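Protein chains in written order, with UniProt numbering: chain A, 1 to 352; chain B, 1 to 258; chain C, 1 to 339. Ideal placement from N, C-alpha and C gives every residue a C-beta, glycine not left out. All values reported here derive from a predicted model rather than from experimental measurement.
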Amino acid sequence: MSTSTATVAAAPGGLNLVGRQLPRAAFPAIGAGAVAVTVVLYVLAPITSRIQFVLIAGALYLIGQTVASIAVEGSRRATDRGVTTLVYLAFLLAVIPLVAVLASVISKGAQRVDVDFLTHSMRNIGARDAGGGIYHALIGTLEQIALASLFAVPFSLLVAIYLVEYGRGRISRTISFFVDVLTGLPSVIAGLFILAFYILALERKPTGFAGALALTILMIPVVVRSAEEMLKLVPNDLREASYALGVSRWRTIVKVVIPTALPGIITGVMLAVARVAGETAPLLLTIFGTDSINFNPFSGPQSALPLYIYSQAGQPQQVAIDRAWGAALTLIVLVMLLNAAARLVARLTRVR
Amino acid sequence: MATRIDVSGLTAYYGKFKAVSDIHFSIEPKSVTAFIGPSGCGKSTVLRTLNRMHEVLPAARVEGRVLLDGEDLYGPGVDPVNVRRAVGMVFQRPNPFPTMSIYDNVVAGLRLNGVRKKSLLDERVEESLRGANLWEEVKDRLGRPGAGLSGGQQQRLCIARAIAVEPQVLLMDEPCSALDPISTLAIEDLISKLKSSYTIVIVTHNMQQAARVSDTTAFFTLDRTGDPGRLVEMDRTEKIFSNPTEKRTEEYITGRFG
Amino acid sequence: MSSEPDGPRKGSSRNDTTVAAAKSASSSDGARVKPADALFKNLTRSAGLGLLALIAAIAAFLVLEATDALSANTGNFLTTTEWFPNGSPPVFGVAALLFGTLLTAVIAMVIAVPVAVGIALFITVYAPRRLATPLAFVVDLLAAVPSVIFGLWGLIVLVPRMEGVQKFLTDYFGWIPLFATDNGVVGRSIFVASVVLAIMILPIVAALSREVFLQVPTAHREAALALGATRWEMIRTAVLPYGRPGVISASMLGLGRAMGETIAVALVLPASFDISWQVLSPAGNTIAANVANGFAEANDVGRGALIASGLVLFVVTMIVNMIARAIIARRREFSGAAA
């Protein structure tokens, strides 16, 4: 292991372990070049948007790096570097809209949200008036998602139990298939169905309850699937241990299986609630919206936060747009709180 | 084409955890070296530092020198891709690419290196599969998925895949631990045959296997759980198993600990 | 970090069979089943059947409430591009809407899928492990943002900022029919709507792709690296072939999602009713957006017409979703048979 072997290896016929590599400084240099060329283009031709600037600079960097890398390191390395750059760009591309959306909602919403905004309705507020608030919409959203959870959770849980504990053969496969169909059901179709069934065929008035029915349909597949996953995770030994003690099957499910899977099921339910809390289209067709406070979801039209955002955003006045941003901030906070709570439940139980 | 390996001052980490500490040894060309020792002693870690596969794991890093015919694998500018091409590896569980046929599995490494010529690929497939004692069993179904073979066949397919790129060194990380006794025997036969062309390093839990296949044996151990593994002694296999210098080695091979 | 050559999928199917075995064992002494047991089983079973009834009801009531409007229609529902269901006589057809639905969704998919695969690769292969989890969380956050907020942002923030990009495309690539415009006028176009949709389906496609990439056994990735593969070559030989069916079906699910998206599109697109390939021009509409836009002023026939268009959307999304599921199912069979 001495110097003698080292000198032998340095002779021709060595292993070529050292690959020719671009110096580290080359990459910032290429980047600076790409930006410089883009700036020149910016001056010469009318590039009007920052989006365009970033896209062009990114493309130029990729080309520059590839050419340099092929020249120095060969095509395999060049491809590897190119793909690495593309992957990083892809991630950046995804983060930009997220940051942009959140930044817009927070900065524009924060200007509008205050106690007054949260505690007043739109009653007697004209489209051009600056006042008004979202109290009625907040009430509507909370009542509708509560009702929807009340309907969807027990039903979905039973379906999931059937699929995991009892289901086999064709019926179970069919049910499982149609859960997938429901998962892919566009939310507007759920609204159209409640419109067709409840409002047109049964000739009922639009209410918060009708909206909750539409949201129920959207919650069911999400809750069934997550509950199914959680029930499947319960080890079979646990069931068999319970049977061995002479506990009947249904009591085993109710007393052993469900409690074991419960934290996961709760997480799934919360995520489902967070998802339907932002749904607009089904509510548009079923609750009709109102400017006044209506605490009763079973009588008269209600409003909801997403619907409120939609109707305010569609108006030309700046005061209406501002209200839309304010409501958007409130809705995002609500949804993120639900998400955070769901993850918290998941994390706390995983550590155990 | 086989190569000697000289390791000095080798220390490997997983994050903050020091897995092996200050290892020194040399391996002669065209020999079989077995790494033995209790679980967690770092013998697989040392093996994976010999082709820079250790650093593939998250937060893993290496200090020290590994010389391949005098060239430091961890020297400046060394490309791990070139290292791994020169030092092939066979894993604990057979891992043929599931979406590829037997043929495609064998030539996967060659294709990466830009070999496209059909006649050359055909030639190398037969050569490698013969080298891995698998040709007769699969020559009529080269287009079938590699995952359809038995475990022992899959492992020999992986050996064929590793030798198809004509490496200098072949590393084997407990290649028989997932196999039945008959497949194990087939792999052991193969190792003695491959010895004429390659420097082979094999990690094994099975002391009989080390005694059967290797020329040199290295015994690793660790003092307590959480301590880094270290090399206790390395010597001719007959000596290690008949008259080891270190007391720890004797205790281990006679089954008194580990 | 399972080093099993077969993925966790197989593990779960093995689990299924043991569950099934346990079930058949316990039901073989079915003579001694207690009444409470039978009752509970029937309760869960009727919930399952209730779910089937729900789907049947959705189809049935959409058809039922659409028929009156369809018989009052004086145009061909499938080929007419106009939408005057409230006129007398009513004339309406789903052709332009369906065209817009498919075009926006396909463009959204073309934009989103490569980026989503890139994100999934970034999180599973490139990012340091310590960063991977928070980064995945960031992408999931994107999925949690309600669509109406994307619509609001698209309308107020993105549309003006996309003006330059759209102008650039039509000025320099206007010779491609897709990017042609009348007199270079761009605005609230199919393209912008597609970008908003792409952002919305990105997290779904990325999350599903990430799942399948994570299932690629470490053993396969290491096998490729040990052969002297660069990182990209490792992805190409071990990760992508293994994950391809998953990525395809994830894209199809994203496509279905994009086709059904309502509010964001309704806010961004001006409601027009012609079939035009000029994706940069301020025009276009989709079935779902038309429901949101047209509902307020719809009379009885108008509502029926919207329900009829919804039925078309229902069928189309169902077909797309079924193709996606079929791809997953076939892959499952394949990996089961191979092991």
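Query raised in the report: Can you name the start and end residues of the alpha helix (DSSP H) that T199(B) belongs to?
Result: Where T199(B) is concerned, there is no enclosing alpha helix (DSSP H), although the beta strand (DSSP E) it sits in stretches over 199-203.
Report task. Please determine if the stretch 120-138 of chain A and the stretch 164-175 of chain C are in contact, where contact requires at least 3 C-beta pairs separated by less than 8 Å. Result -> no
**Report entry** Range of the contiguous alpha helix (DSSP H) that encloses D116(A)
**Finding:** 115-119
Query raised in the report: Hey, quick one: how far does the alpha helix (DSSP H) through L192(A) stretch, first residue to last?
Result: Annotation for L192(A): the continuous alpha helix (DSSP H) segment containing it runs 187-194.
Query raised in the report: Which residues in chain A sit within 7 Å of E65(C), going by Cβ to Cβ distance?
Result: Those within 7 Å of E65(C) in chain A are A196, L200, A201.
Requested in this report: State yes or no: is the beta carbon of V18(A) nearer than 8 Å to at least one beta carbon in chain B?
Outcome: yes
Query - Segment limits, beta strand (DSSP E) that includes I293(A) - result: Careful: I293(A) lies outside any beta strand (DSSP E) and carries neither H nor E.
**Report entry** Below-8 Å beta-carbon distance, G109(B) vs any chain A residue
**Finding:** no
**Report entry** Same chain, Cβ closer than 6 Å to I202(B), neighbours up to 5 away in sequence not counted
**Finding:** A34, M172
Requested in this report: Could you name the residues of the same chain whose beta carbon sits closer than 8 Å to that of R112(A), not counting the 5 residues immediately before and after it, in chain order?
Outcome: D322, R323, W325, G326, L329
Query raised in the report: Which residues in chain A sit within 8 Å of N82(B), going by Cβ to Cβ distance?
Result: Neighbours of N82(B) on chain A, chain order: L15, N16, L17, V18, G19.
Requested in this report: Find out if the Cβ-Cβ distance for the pair L147(A), L118(A) is shorter than 8 Å.
Outcome: no
Query - Assigned exposure category for L43(C) - 16 Cβ within 10 Å defines buried - result: Exposed: under 16 other Cβ atoms inside 10 Å.
Requested in this report: May I have the straight-line CA-CA distance separating E174(B) from A186(B), to the nearest angstrom?
Outcome: 14 Å
Query raised in the report: If you follow the alpha helix (DSSP H) that L17(A) is part of, which residue opens it and which one closes it?
Result: That residue, L17(A), is in no alpha helix (DSSP H); it is neither H nor E in DSSP.
Query raised in the report: Of all the CB atoms in chain B, is at least one closer than 8 Å to the CB of N210(C)?
Result: One point to set straight first is that residue 210(C) is Arg, not Asn, in the sequence displayed. Not closer than 8 Å to any Cβ of chain B, the Cβ of R210(C) fails to qualify, so no.
Report task. Assign V247(A) to one of three DSSP states: helix, strand, or coil. Result -> Coil at V247(A), not helix or strand.
Requested in this report: Consult DSSP for P244(B) and reduce its assignment to one of helix, strand or coil.
Outcome: coil
Query raised in the report: Using a beta-carbon distance cut-off of less than 7 Å, what residues from the stretch 48-72 of chain B approach chain A?
Result: L67, L68, D69, G70, E71
Query raised in the report: Which bits of chain A does D215(B) rub up against, with CB to CB less than 7 Å?
Result: Per Cβ cutoff of 7 Å: no residues; D215(B) is ~18 Å from chain A at best.
Requested in this report: With 7 Å as the limit, tell me which residues of the stretch 223-246 of chain C have their beta carbon closer than that to any beta carbon of chain B; keep them in chain order.
Outcome: A223, L225, A226, L227, G228, A229, T230, E233, T237, A238, P241, Y242
Query raised in the report: Who are the Cβ neighbours of T183(A) in its own chain at under 8 Å, not counting the five residues just before and after it?
Result: P221, V222, R225
Query raised in the report: Is any beta-carbon of chain A found at less than 8 Å from that of P146(C)?
Result: At least one chain A Cβ lies under 8 Å of P146(C).
Query raised in the report: From the beta carbon of T44(C), is the nearest beta carbon of chain A less than 8 Å away?
Result: yes
**Report entry** Under the three-state DSSP convention, the category Q312(A) falls into
**Finding:** helix
Query raised in the report: Applying a beta-carbon distance threshold of less than 7 Å, which residues of chain F neighbour V78(B)?
Result: Absent from the structure: chain F. Protein chains present are A, B and C.
Query raised in the report: Considering S176(A), what are the terminal residues of the alpha helix (DSSP H) in which it resides?
Result: 169-183
Query raised in the report: Would V188(A) pass as a contact of V315(C) if the rule is Cβ separation under 8 Å?
Result: no
Query raised in the report: Any contact of the stretch 187-204 of chain C with the stretch 110-123 of chain C, i.e. 3+ C-beta pairs under 8 Å?
Result: yes
Query raised in the report: Would DSSP call I328(C) helix, strand or coil?
Result: helix
Query raised in the report: Alpha carbon to alpha carbon, what distance is there between A162(B) and G151(B)?
Result: 17 Å
**Report entry** Listed by chain order, chain C residues near M270(A) by CB distance under 9 Å
**Finding:** Residues of chain C passing the Cβ test: none, with the nearest at roughly 11 Å.
Query raised in the report: Considering only C-alpha positions, which residue in the set A68(A), E73(A), L86(A) is nearest to residue 361(A)?
Result: With chain A represented from 1 up to 352, any question about residue 361(A) goes unanswered, as that position is not in the structure.
Query raised in the report: Rounded to a whole number of angstroms, what is the C-alpha to C-alpha distance between residue 301(B) and P29(B)?
Result: Limits of chain B in this structure are 1 at one end and 258 at the other, which puts residue 301(B) out of reach.
Requested in this report: Label I240(B) either buried or exposed according to how many other C-beta atoms from any shown protein chain fall within 10 Å of its C-beta, with 16 as the threshold for buried.
Outcome: buried
Query - Per-residue DSSP class, three states only, for T99(B) - result: coil
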